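Here the sequence shown is numbered in full-length UniProt numbering, starting from 1 and rising by one per residue. For reference, the structure is listed below as structure tokens.
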Amino acid sequence: MYHFKPNRNLIFLVPDDNGPSNIVSIESEEQFNTSLRKVQDESLPAIFYFTAAWCGPCRLLSPVIGQLSEKYPHVTTYKVDIDKPTLHFYQNGKKTSEVIGADVQRLKETMEELYK
């Protein structure tokens with residue numbers, strides 16, 4: 001089922017929140033890495049769908065992804081929202097921290113903590 005969602009002067013279809021249960025939203029890098037490891041280690045069929053709300057082709061594909069997920073319930077689709085700014089911090093060649101989202105205070109604190 002779909003509902004209409006306005007975007008400025010455009011109206012387009014978006015999947016309802018209660019879509020197929022084999023579509024999993026990835027909310028963090030840790031969740032992405034865990035999911036990827038599971039798919040690789042267990043040789044599971046999966047799709048990693050990188051998408052953004054502002055992306056016209058992504059909006060076009062979204063209902064098709066939902067339909068195909070229902071047709072192929074044994075395949076898990078991991079939906080990765082690339083709208084959120086993500087910063088990875090490195091020291092001595094290793095990742096030491098990350099900030100996801102427009103959290104200015106956390107960005108400043110992380111910079112101060114790591115690179116002072």
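All C-beta atoms, glycine included, are put in the ideal place defined by N, C-alpha and C. Everything numeric in this text was worked out from a predicted model, so none of it was measured.
A Cβ-Cβ contact shorter than 8 Å links Lys95 with His88.
Around the CB of Gly66, 16 or more other CB atoms lie within 10 Å, so the residue is classed as buried. With a cutoff of 8 Å on beta-carbon distance, Ile23 and Ser69 are scored as near each other. Within the same chain, Cβ atoms closer than 8 Å to the Cβ of Asp83 are found at Ala52, Ala53, Trp54, the five residues on either side in sequence being excluded. By the neighbour-count definition (other C-beta atoms within 10 Å, threshold 16), Tyr90 is an exposed residue.
Boundaries of the beta strand (DSSP E) around Ser25: 23 to 26. Where Val80 is concerned, the enclosing beta strand (DSSP E) starts and stops at 76 to 81. Lys38 carries a helical assignment under DSSP once its states are collapsed to helix, strand and coil. In the DSSP assignment, Leu87 falls within the beta strand (DSSP E) that extends over 86 to 91.
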